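**Student:** I'd like to ask some things about the structure below.
Protein chains in written order, with the working numbering: chain A, 538 to 858; chain B, 2 to 288.
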């Protein structure tokens with residue numbers, strides 16, 4: 538009986554050790570691990586990268602779902618090799634991490650996006666006076682908070698730079714006299730928007746482009762004073778267009794120099810990304826299908842990113858689809 | 002050959018979407034009333050909890066620990082409560098506690114009758130059991146999002162989601178308690194000519210009280226586990242502190258708030274368990 542028990546423990550330990558080392562081998566040796574955030578534009582860019590890396594360069598790709606904060610931590614810890622869409626301005630430690638060599642910026646994926654406080658367009662049609670962030674105090678009755686006598690502005694998750702910027706804005710614009718800022722996880726934020734939209738109720742909250750939300754719901758950005766760097770640090774003015782970067786662990790360049798060369802050329806735009814997201818939503822297809830469609834449609838664009846060999850083998854794959 | 006053929010598909014997601022949309026539009030007013038009721042209940046409980054000064058709560062917990070166990074348990078539990086205060090999480094704890102109390106309250110009101118019905122009728126048992134299984138295994142994120150659409154965000158959907166998650170053990174243990182009341186005791190009741198209602202309230206419920214209290218204890222622990230998750234739908238309290246810590250990659254803050262949740266759970270668990278044990282003794286003495 539005792540021997541049996543010992544044997545069992547031994548076998549169990551062995552199994553654990555093997556499975557751990559197997560995991561390590563799978564991740565490190567011959568695959569590139571790409572972090573995948575929950576939003577569709579990230580999934581779309583990941584699929585493009587996956588197809589080009591797998592078909593063009595013959596390297597296996599593993600997509601791992603992770604939150605932005607988890608992604609940054611994983612890049613630092615070398616559990617992840619690459620992320621195609623890092624909203625670097627939303628990461629407070631970004632510049633420090635780059636300086637410290639924790640990860641490297643390979644290219645700017647796109648930098649022509651919008652962020653800020655949005656309202657549904659139907660609301661602006663009902664209240665044409667609500668044009669700017671500064672107008673909000675006059676319309677506080679539209680956005681009542683059920684737990685206090687103030688109004689409610691919905692923000693993204695805590696820890697995003699955009700969220701702390703909005704917090705500063707609340708103070709600078711004296712919005713906090715009339716409004717409370719509620720931070721919500723993105724899924725929750727969108728659920729409140731979906732609910733408001735279904736009943737044509739008022740809604741004011743943070744959003745950004747490109748995202749499927751902007752494709753499905755007709756939203757209008759509340760205007761703000763023009764961006765300048767000094768004011769922005771204090772929460773004044775509109776959001777600038779931010780860089781959305783392709784970021785990798787430093788070792789990726791040593792292990793896969795050809796792939797990194799392709800990634801350095803990777804550049805799309807907010808508009809191109811939105812077109813793919815709209816394609817996904819309208820045809821009810823997944824990111825992979827959208828990526829294949831995008832690659833077939835925009836051959837001129839990506840043929841400049843990759844080597845001739847990679848181009849040929851990818852085309853072969855695409856035509857077989 | 003080994004892969005399930007793509008040509009054979011029957012998916013239920015569109016049906017569920019359609020049903021949910023219909024429910025959303027049709028019962029909009031009804032859900033508003035439910036939401037207002039829960040919100041009122043919450044404010045009432047929070048007000049009630051804030052009515053007691055913090056030191057009175059600490060003394061109360063110490064006394065209960067001493068009465069139910071011994072003086073060591075009293076000191077241990079009350080110092081855990083003080084630690085939550087020292088961490089600066091007292092107000093958050095009150096909020097969390099209020100959500101738990103209401104969820105457990107709703108669970109008791111809804112759960113015990115269902116447990117009794119299950120014990121009385123084989124048909125009800127066969128219907129409810131698989132539903133309970135589904136409630137316990139369905140990933141909670143799945144019903145968090147519809148909960149927001151029904152009740153907006155914050156405390157109301159948090160109570161809703163917490164109740165769904167926490168109610169099954171109470172129903173199960175009520176069922177178990179009632180159906181395992183001694184056959185001879187039931188016979189004795191019958192021979193004295195008690196009506197079914199008398200039987201239930203004078204014999205079956207008192208006899209199974211200790212099992213039901215164990216169910217209340219388990220339900221409370223389940224509710225406790227849901228508290229952090231419900232912060233994802235905008236509920237405040239200690240869960241919100243944990244979530245913020247995760248979002249900001251603050252390991253220390255995360256653990257500090259995490260320990261506060263552990264302490265609160267231990268306090269609630271020990272007190273409820275000690276309370277359930279007193280019923281055990283009472284019943285055996287009567288018999």
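Using N, Cα and C, we set each Cβ at its ideal position, and we do this for glycine too.
Remember, predicted model here, so these are calculated numbers, not experimental data.
1) Starting from the C-beta of residue 95/B, find all residues in its chain whose C-beta is less than 6 Å away, skip the five residues before and the five after it, and write them out in chain order.
2) Across the stretch 173 to 180 of chain B and the stretch 109 to 122 of chain B, are there enough close Cβ pairs to call them in contact, namely three or more that are closer than 8 Å?
3) Would you check if the stretch 720 to 728 of chain A and the stretch 632 to 644 of chain A touch, i.e. whether three or more CB-CB distances between them fall below 8 Å?
4) When DSSP labels each residue in this structure, what does residue 599/A get in the three-state scheme?
5) What residues of chain B sit near residue 694/A, judged by a beta carbon separation below 7 Å?
6) Under 9 Å Cβ-Cβ, which residues of chain B neighbour residue 732/A?
7) With distances taken Cα to Cα, identify the nearest neighbour of residue 106/B among 6/B, 203/B, 46/B and 278/B.
8) Just to confirm before moving on: does the CB-CB distance between residue 815/A and residue 580/A stay below 7 Å?
9) For residue 745/A, which of 590/A, 626/A, 611/A and 767/A has the nearest alpha-carbon?
10) Strictly below 9 Å CB to CB, what residues from chain B border residue 574/A?
11) Under a Cβ-count criterion, where at least 16 other Cβ atoms within 10 Å of its own Cβ denotes burial, should residue 19/B be classed as buried or exposed?
12) Residues of chain B with a CB under 7 Å from the CB of residue 719/A: which are they?
13) Just reading off the alpha helix (DSSP H) that residue 609/A is part of, what are its end residues?
14) Residue 765/A by DSSP, collapsed to three states: which one?
15) So which residues on chain B does residue 722/A lean against when the C-beta distance must stay under 7 Å?
16) For residue 687/A, name the three-state secondary structure that DSSP assigns.
17) List the residues of chain A that residue 40/B touches, going by C-beta distances under 7 Å, in chain order.
18) Could you check which residue in 90/B, 42/B, 52/B and 29/B has the C-alpha nearest to that of residue 265/B?
19) What residues in the stretch 605 to 623 of chain A bring their beta carbon closer than 8 Å to a beta carbon of chain B?
20) Find the residues of chain A that neighbour residue 146/B, judging by a C-beta separation of less than 7 Å, and give them in chain order.
21) If you drop the 5 nearest sequence neighbours on each side, which residues of the same chain put their C-beta closer than 7 Å to that of residue 638/A?
22) Who are the neighbours of residue 785/A on chain B, taking C-beta pairs under 7 Å?
23) If you compare alpha carbons, which of 158/B, 167/B, 205/B and 169/B is closest to residue 181/B?
24) With distance defined between alpha-carbon atoms, name the residue in 12/B, 23/B and 5/B nearest to residue 735/A.
25) Verify whether the separation of the beta carbon atoms of residue 618/A and residue 570/A is less than 7 Å.
26) Between 804/A, 594/A and 578/A, which lies nearest to residue 795/A when the distance is taken from Cα to Cα?
27) Which residue or residues does DSSP assign as beta-bridge partners of residue 781/A?
28) Return yes when the Cβ of residue 780/A is within less than 7 Å of the Cβ of residue 641/A, no when it is not.
29) What does the alpha-carbon distance come out to for the pair residue 137/B and residue 239/B?
30) Would you mind reading off the limits of the alpha helix (DSSP H) that contains residue 212/B?
31) Mind pulling the chain B residues with CB within less than 7 Å of residue 735/A?
32) My understanding is that residue 608/A touches residue 574/A, with C-beta atoms under 8 Å, so please give their C-beta distance in whole angstroms.
33) Does the Cβ-Cβ distance between residue 845/A and residue 578/A come in under 7 Å?
34) Quick one: Cα of residue 178/B to Cα of residue 112/B, how far?
35) Considering residue 745/A, what are the terminal residues of the beta strand (DSSP E) in which it resides?
36) Just curious, the beta strand (DSSP E) that residue 757/A is in, first and last residue?
**Tutor:** By the coordinates alone:
1) By one-based count along the second chain, residue 95/B stands at place 94. The residues are 50.
2) Between the stretch 173 to 180 of chain B and the stretch 109 to 122 of chain B there are three or more C-beta pairs closer than 8 Å, enough to call the two in contact.
3) No, they do not touch.
4) Counting from one through the first chain, the residue named residue 599/A turns up at place 62. In the three-state reduction of the DSSP assignment, residue 599/A falls in the strand class, which pools E and B.
5) For the purposes of this step, residue 694/A is identified with residue 157 of the first chain, where counting begins at 1. Neighbours of residue 694/A across chain B, judged by C-beta separation under 7 Å: 248.
6) Taking the first residue of the first chain as position 1, residue 732/A is located at position 195. By Cβ distance, chain B contributes 25, 149, 150, 151 and 153.
7) As a position in the second chain, residue 106/B is number 105, starting the count at 1. For the options 6/B, 203/B, 46/B and 278/B, the alpha carbon positioned closest to that of residue 106/B is the one of 46/B.
8) Position 278 of the first chain, counted from the start, is the residue given in the question as residue 815/A. Position 43 of the first chain, counted from the start, is the residue given in the question as residue 580/A. Contact: no.
9) Here residue 745/A refers to the residue found at position 208 when the first chain is read from its first residue. Ranking 590/A, 626/A, 611/A and 767/A by Cα distance to residue 745/A puts 626/A first.
10) Position 37 of the first chain, counted from the first residue, corresponds to residue 574/A. Listed along chain B, no residue sits closer than 9 Å to residue 574/A by beta-carbon distance, the nearest being about 14 Å off.
11) One-based indexing of the second chain puts residue 19/B at position 18. Classification for residue 19/B: exposed.
12) Here residue 719/A is taken as the residue at index 182 of the first chain, counted from 1. Those within 7 Å of residue 719/A in chain B are 235.
13) Taking the first residue of the first chain as 1, we reach residue 609/A at position 72. From DSSP, the alpha helix (DSSP H) with residue 609/A extends over 605 to 614.
14) Position 228 of the first chain holds residue 765/A. When secondary structure is reduced to three states using DSSP, residue 765/A falls in the coil class, being assigned neither helix nor strand.
15) Locating residue 722/A in the first chain gives position 185, counting from the first residue. Going along chain B in sequence order, the residues near residue 722/A (Cβ under 7 Å) are 233.
16) The residue given as residue 687/A occupies position 150 in the first chain. Coil.
17) Your numbering for residue 40/B matches position 39 in the second chain. Those within 7 Å of residue 40/B in chain A are 683.
18) Indexing the second chain from 1 puts residue 265/B at position 264. Of 90/B, 42/B, 52/B and 29/B, the residue nearest in Cα terms is 90/B.
19) The residues in question are 606, 609 and 610.
20) Numbered from its first residue, the second chain carries residue 146/B at position 145. Residues of chain A passing the Cβ test: 724 and 728.
21) On the first chain, residue 638/A is found 101 positions in, with the first residue counted as 1. Taken in chain order, the residues that qualify are 787.
22) Translated into positions along the first chain, residue 785/A becomes position 248. None at all; the shortest Cβ gap to chain B is about 20 Å.
23) Numbered from its first residue, the second chain carries residue 181/B at position 180. The residue among 158/B, 167/B, 205/B and 169/B with its C-alpha nearest the C-alpha of residue 181/B is 205/B.
24) The residue you call residue 735/A lines up with position 198 of the first chain. Closest by alpha carbon: 23/B.
25) Here residue 618/A refers to the residue found at position 81 when the first chain is read from its first residue. Here residue 570/A refers to the residue found at position 33 when the first chain is read from its first residue. Taking 7 Å as the cut-off, the beta carbon of residue 618/A is found closer than this to the beta carbon of residue 570/A.
26) Along the first chain, read from residue 1 onward, the residue named residue 795/A stands at position 258. Of the candidates 804/A, 594/A and 578/A, the one whose C-alpha sits nearest the C-alpha of residue 795/A is 594/A.
27) To locate residue 781/A, count along the first chain from 1; it is residue 244. Residue pairing of residue 781/A in beta bridges, as defined by DSSP: 624/A and 647/A.
28) Here residue 641/A corresponds to residue number 104 of the first chain, with the count starting at 1. Here residue 780/A corresponds to residue number 243 of the first chain, with the count starting at 1. Cβ atoms of residue 641/A and residue 780/A: not closer than 7 Å.
29) Counting from one through the second chain, the residue named residue 137/B turns up at place 136. Counting from one through the second chain, the residue named residue 239/B turns up at place 238. Computed Cα separation, rounded: 23 Å.
30) Residue 212/B sits at position 211 when you count from the first residue of the second chain. For residue 212/B, the enclosing alpha helix (DSSP H) has its first and last residue at 206 to 231.
31) One-based indexing of the first chain puts residue 735/A at position 198. Residues of chain B whose Cβ lies closer than 7 Å to the Cβ of residue 735/A are, in chain order, 25.
32) Against the first chain, residue 608/A aligns to sequence position 71. Against the first chain, residue 574/A aligns to sequence position 37. Between residue 574/A and residue 608/A the Cβ distance is about 7 Å, and since that is below 8 Å, they are a contact.
33) Translated into positions along the first chain, residue 845/A becomes position 308. Translated into positions along the first chain, residue 578/A becomes position 41. The answer is no: Cβ separation not under 7 Å.
34) Mapped onto the second chain, residue 178/B falls at position 177. Mapped onto the second chain, residue 112/B falls at position 111. A direct Cα-to-Cα measurement between residue 178/B and residue 112/B gives close to 13 Å.
35) Within the first chain, residue 745/A is the residue found at index 208, counting from 1. According to the DSSP assignment, residue 745/A belongs to the beta strand (DSSP E) that extends over 742 to 745.
36) What you label residue 757/A is simply residue 220 of the first chain in a count that begins at 1. Boundaries of the beta strand (DSSP E) around residue 757/A: 756 to 758.
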